[in-house]
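Chains as they are written, first to last, in my numbering: chain A, 138 to 440; chain B, 393 to 522. So the structure is just underneath, and the comments pick up after that.
Here it is, written out as structure tokens:
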């Protein structure tokens, strides 16, 4: 067993976790949300519930088998570019395909359910602090500030190549803007059509996940900032395409596949994706939602 | 929680006003509580923001809510006494009309007072005899 095989095991974890845990949890949760659009209408139509209460999960198992087989074949050649092709572009393409397929299915189902005349809303103003612990917000802000400060210091003192410091700063700023938009959407989107207790825990899970992913990305930026320090920086070559663009240095895939610092970034990203599934499946929101009997779905939303 | 029925004969903005008043009177909404923005409430209830805005404006006019620019809309500190006062005024107006009508039909003030007392006594929860 060589290094490529060992890495392939981690990528296999990423694929299996996403397609066997995270994906099914997401589509099952989405189906419950759809069915909850009009609980009283649904209660009087057991045939509709029987037909649409469960989501077909076979495509997920099939995709897992196919992707793992492709990964094994790529690993057998001991070629990192082939392994990468499976766990990043192919993986993302299949994820996108699944998203489109399941989203269309939910849209079709939603069109069949008449609008519920009874509508509910909480009377509390939505603030980030209500849904996620303050330490999480401050921790993330502190990490982002430290990263930006480090790059600014490196730029000012000349301890870091100016173009690298600018590129690092631009990356953190881009992540910050993206996170801001994501959090804004999660806070402002309409409440789930179910009990307000479930809505709050769902929103809390959604926001916590966004913040955790952002924390991971900021940690990577911090690693890049520290690795760009000094006369012999760890990241001798641009760490991302954005860096290559700002630094005016051509991107080299070969370096990306050979240098250990880039491997660490890639492997930790795979582990981060692998952890999302179990976290989502074990959350209070998901457990409460999926434990409910679909036959008594209206009562499930009165938790 | 706010619950509206889009098929009800009562206009939606009135349902919102009534429920917010009730929440303040019952203490479910404490003075100083920050309320959801017009857009948020409209989005959650699947309504036109103008409907929610109309309800908020009426409650502001009644002195129940106060809009504080970008900070949002809050329950006024004196919302409960104001609501109590509004309630007393409404009840007083209706009772005055009613009593005047029965007096015009020949009932004495003494009889009306006695009738009111009897009706109020009947509404009181009965005490258990030991």
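Glycine included, each C-beta is placed from N, C-alpha and C at the ideal position. Since the structure is predicted, the reported quantities are computational estimates derived from the model, not experimental observations.
Residues sharing a beta bridge with residue i, DSSP
i	result
residue 257 of chain A	B:395
residue 426 of chain B	B:466
Under 7 Å from the C-beta of residue i: neighbouring residues of chain A
i	result
residue 396 of chain B	256
residue 419 of chain B	Here the premise fails: no neighbours, minimum Cβ distance about 13 Å.
residue 472 of chain B	Simply none; closest approach about 16 Å.
residue 399 of chain B	254
Residues that residue i contacts on chain A, provided the C-beta gap is smaller than 9 Å
i	result
residue 428 of chain B	258, 259, 260, 261, 262 and 263
residue 464 of chain B	262
Partner residues on chain B for residue i, Cβ-Cβ distance less than 8 Å
i	result
residue 325 of chain A	431, 432 and 435
Between the CA atoms of residue j and residue i - distance to the nearest angstrom
i	j	result
residue 370 of chain A	residue 322 of chain A	38 Å
residue 393 of chain A	residue 176 of chain A	52 Å
residue 181 of chain A	residue 256 of chain A	19 Å
residue 219 of chain A	residue 246 of chain A	39 Å
residue 156 of chain A	residue 325 of chain A	29 Å
residue 419 of chain B	residue 427 of chain A	35 Å
residue 303 of chain A	residue 408 of chain A	28 Å
residue 144 of chain A	residue 215 of chain A	10 Å
residue 259 of chain A	residue 414 of chain B	15 Å
residue 354 of chain A	residue 475 of chain B	52 Å
residue 411 of chain B	residue 377 of chain A	55 Å
residue 436 of chain A	residue 395 of chain B	Low confidence applies here, because residue 436 of chain A scores a pLDDT of 43, under 50, leaving its location unreliable and the question unanswered by this model.
residue 427 of chain B	residue 313 of chain A	28 Å
residue 142 of chain A	residue 213 of chain A	8 Å
residue 139 of chain A	residue 309 of chain A	35 Å
residue 269 of chain A	residue 348 of chain A	9 Å
residue 333 of chain A	residue 431 of chain B	The predicted model places residue 333 of chain A with a pLDDT of 49, which falls under 50 and marks its position as unreliable; any figure quoted below should be read in that light. Computed Cα separation, rounded: 18 Å.
Helix, strand or coil at residue i according to DSSP, with G and I counted as helix
i	result
residue 277 of chain A	helix
residue 434 of chain B	helix
residue 458 of chain B	strand
residue 372 of chain A	coil
residue 153 of chain A	helix
residue 288 of chain A	helix
residue 321 of chain A	helix
residue 193 of chain A	coil
residue 498 of chain B	coil
residue 216 of chain A	coil
residue 440 of chain A	Unreliable positioning characterises residue 440 of chain A in this predicted model, as indicated by a pLDDT of 31, which lies under 50. A coordinate reading is not provided.
residue 387 of chain A	coil
residue 226 of chain A	helix
residue 364 of chain A	helix
residue 333 of chain A	Note that residue 333 of chain A scores 49 on pLDDT, short of 50, meaning its location in the model is unreliable and no value can be drawn from it.
residue 302 of chain A	helix
residue 249 of chain A	helix
residue 326 of chain A	coil
residue 346 of chain A	helix
residue 421 of chain B	coil
residue 377 of chain A	coil
residue 471 of chain B	helix
residue 282 of chain A	helix
Range covered by the alpha helix (DSSP H) that runs through residue i
i	result
residue 186 of chain A	183 to 189
residue 403 of chain A	397 to 419
residue 163 of chain A	160 to 172
residue 509 of chain B	501 to 515
residue 267 of chain A	265 to 268
residue 418 of chain B	404 to 418
residue 444 of chain B	441 to 453
residue 298 of chain A	Premise fails: residue 298 of chain A is in no alpha helix (DSSP H) and is neither H nor E.
residue 179 of chain A	176 to 180
The ligand NAP heavy atom lying under 7 Å from the CB of residue i
i	result
residue 515 of chain B	With respect to small molecules bound, the structure shown includes none, and the ligand NAP cannot be examined in it.
Proximal chain B residues relative to residue i, where beta-carbon distance stays under 7 Å
i	result
residue 328 of chain A	436
Closer than 8 Å at the beta carbon, the chain A residues around residue i
i	result
residue 415 of chain B	260
residue 393 of chain B	257, 258, 259, 260 and 333
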